[in-house]
Amino acid sequence: MNRLVIWFGLLLMCVVCPAAGEGPALSQLPPLQPKPYAIGIAPSHITTDPNPMFASTSQWQNVAEHTDLYKYYGVQLLDIDWSTNLDAKAFVACMKQQEIRIGCEFGSFGLGGDTIPDPAQAAFNEIDPIYDAGGEVYSLHLDGPIRRMIKGFQDHPNAQSMDQIAARLVDFYQKVHAKYPDIRIGLITNFPNWDYTAELVGYNGHYTDTSGVTYAQALDTLYEALRNAGEKIAFIEVDCPYNYYKESRTRNSDAPLDNATKFIKLQKWCNQRDIRFHMIVNAEPRGTGGKGFHDMTCTYIKQLRNDGIFPDLFLIQSWYKQPEEHLPESEPNTFMNTARDAIELLPSSAKKQR
């Protein structure tokens, strides 16, 4: 049977996410487009020890069966005090057993002092241990490299123009691919802090206000520089917690927000260039704890469907201190419980996407 037909049939079998907070019932939402969606997870790196998850998946088996990608924070392999640490061997063994690809979030694009440090060398410190343990990194997710280096927003002697940043990222891509040719390298963007265009503003928008560069301009510059060097952006990953997505005006109330149109425009830009479009689906708890994270994350998925936003990857991720516990998926408001309930809103094939 045609796989798309199977997918369309599965769409009709959706169930409502338990305790999913406010928002329209699933039966009232438009169906997902009949195409395969990948599902990713990224538990927080500043809460509890992650390693019990890798000793056995018995406490998150439903999530594991539907997960295509586990994104770890690269700093979890650096043995630093403020982050939890991963046991690379146990992690790799678990991901292999469950047929889950490995992604790494990396953000060390420092400006240094007398010299600017080489971010490729920093990245190798965060991905080499995976290869040393017999695994491989499928995707490298660059956390805000443009805003970490751009003049105006960064008040630093080594802050750079957009053209200089593009050249630095070309060098980064080439060095990483010289060592690991198959890694897919993409960008995470903190969307509320950028104006996408002059008309499609961000909730805060201060990266654009201080640098004079919209995110659309930044992407065009980087895309061309990479293309001319024989490289490409593999994906754009949108970081916009539900608290910001649902807003209708900017922080200062000086302009209307249209996040749905902004996301759809960005996805169209990606589709035209064969770039995958990822959505981080989460919410800032803001004193509501694991329950708030759970309920708003599930509501977010409903809202994205209602707004016609269908990413290539739904990534359920926390970088907060809540949910405090990762396990078990059967306990209300743990990370894996949120992931399980969110996945129920995303009908998926029994087989992982490859």
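Just so we're aligned, residue 373 is where the sequence shown starts under the working numbering, counting upward by one. Glycine included, C-beta positions come from ideal geometry on N, C-alpha and C. Treat the numbers as computed from the prediction; the structure is a model and nothing was measured.
State the CB to CB distance for the pair residue i and residue j, rounded to an integer number of angstroms; the pair is presumed to be in contact (CB under 8 angstroms).
i: residue 561; j: residue 516; result: 7 angstroms
i: residue 607; j: residue 558; result: 3 angstroms
i: residue 505; j: residue 464; result: 4 angstroms
i: residue 460; j: residue 450; result: At roughly 11 angstroms, the Cβ-Cβ gap does not stay under 8 angstroms, so residue 460 and residue 450 are not in contact.
i: residue 411; j: residue 686; result: 6 angstroms
i: residue 716; j: residue 706; result: That belief does not hold up - the Cβ atoms of residue 716 and residue 706 are roughly 15 angstroms apart, past 8 angstroms.
i: residue 584; j: residue 524; result: 6 angstroms
i: residue 645; j: residue 595; result: 7 angstroms
DSSP three-state label for residue i, please.
i: residue 546; result: helix
i: residue 456; result: coil
i: residue 573; result: coil
i: residue 648; result: strand
i: residue 628; result: strand
i: residue 607; result: strand
i: residue 382; result: Per-residue confidence for residue 382 stands at a pLDDT of 37, beneath the threshold of 50, marking its modelled position as unreliable; the derived number appears in the next sentence. Note: residue 382 maps to helix in three-state DSSP.
i: residue 435; result: helix
i: residue 463; result: helix
i: residue 658; result: coil
i: residue 636; result: helix
i: residue 707; result: helix
i: residue 537; result: helix
i: residue 712; result: helix
What are the boundary residues of the alpha helix (DSSP H) that includes residue i?
i: residue 527; result: That residue, residue 527, is in no alpha helix (DSSP H); it is neither H nor E in DSSP.
i: residue 499; result: 491-504
i: residue 430; result: Residue 430 -> no alpha helix (DSSP H), and no H or E assigned at all.
i: residue 601; result: Looking at the DSSP string, residue 601 is not in any alpha helix (DSSP H), and its letter there is neither H nor E.
i: residue 615; result: 614-617
i: residue 581; result: 578-583
Between which two residues does the beta strand (DSSP E) containing residue i stretch?
i: residue 476; result: 473-478
i: residue 445; result: 441-445
i: residue 556; result: 556-562
i: residue 661; result: That residue, residue 661, is in no beta strand (DSSP E); its alpha helix (DSSP H) goes 661-678.
i: residue 514; result: 511-515
i: residue 686; result: 685-689
i: residue 413; result: 410-414
I'd like to check one pair, residue j with residue i: are the Cβ atoms closer than 8 angstroms?
i: residue 512; j: residue 555; result: yes
i: residue 502; j: residue 521; result: no
i: residue 576; j: residue 540; result: no
i: residue 418; j: residue 693; result: yes
i: residue 677; j: residue 434; result: no
i: residue 445; j: residue 455; result: yes
i: residue 587; j: residue 611; result: no
i: residue 427; j: residue 470; result: no
i: residue 739; j: residue 632; result: A query on residue 739 cannot be resolved here, the shown segment of the chain reaching from 373 to 726 and no further.
i: residue 415; j: residue 422; result: yes
i: residue 653; j: residue 673; result: yes
i: residue 509; j: residue 474; result: yes
i: residue 650; j: residue 609; result: yes
i: residue 579; j: residue 565; result: yes
i: residue 688; j: residue 669; result: yes
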